[in-house]
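Its first residue numbered 2, the sequence shown is counted upward by one per residue in the numbering used here.
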Amino acid sequence: MELLDALIDRTTIVALAILGAIVATAGGMLGGRRAGHAAKIARLTLWAGYAISFTSIALFIIAGFLSNR
Numbered sequence: 002m003e004l005l006d007a008l009i010d011r012t013t014i015v016a017l018a019i020l021g022a023i024v025a026t027a028g029g030m031l032g033g034r035r036a037g038h039a040a041k042i043a044r045l046t047l048w049a050g051y052a053i054s055f056t057s058i059a060l061f062i063i064a065g066f067l068s069n070r
């Protein structure tokens with residue numbers, strides 16, 4: 002339960018949201034009009050940013066469900 006408490010802490014959720022936004026923005030900036038290997042890295046970076054942001058949203062929802070305990 003201590004790990005869950007640390008994960009649903011407000012600062013953790015906000016930090017993940019900001020980190021996800023930064024990583025997704027970096028992936029978008031890297032993407033541009035590149036082709037080949039650079040485009041794959043940019044796409045992977047973009048999706049990693051999305052995944053981090055989604056994790057933040059999921060933890061926010063879980064924190065809402067567990068707020069009454």
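Think of the CB as a built atom: it goes at the ideal place given N, C-alpha and C, for glycine as much as any other residue.
Source: prediction; values computed, not measured.
- Inclusion of A43 and G50 in the CB contact set at 8 Å is not warranted, their separation being larger than that value.
- Taking C-beta atoms as the reference points, T46 and A16 fail to come closer than 8 Å.
- G65 sits exposed, since fewer than 16 C-beta atoms from the chains shown fall within 10 Å of its C-beta.
- Annotated three-state conformation of M30 is helix, per DSSP.
- Between L60 and I14, the C-beta gap is smaller than 8 Å, which places the two residues in contact.
- Excluding five sequence positions before and after I63, the CB atoms of its chain that fall closer than 7 Å to its own CB belong to I9, given in chain order.
- By the neighbour-count definition (other C-beta atoms within 10 Å, threshold 16), G21 is a buried residue.
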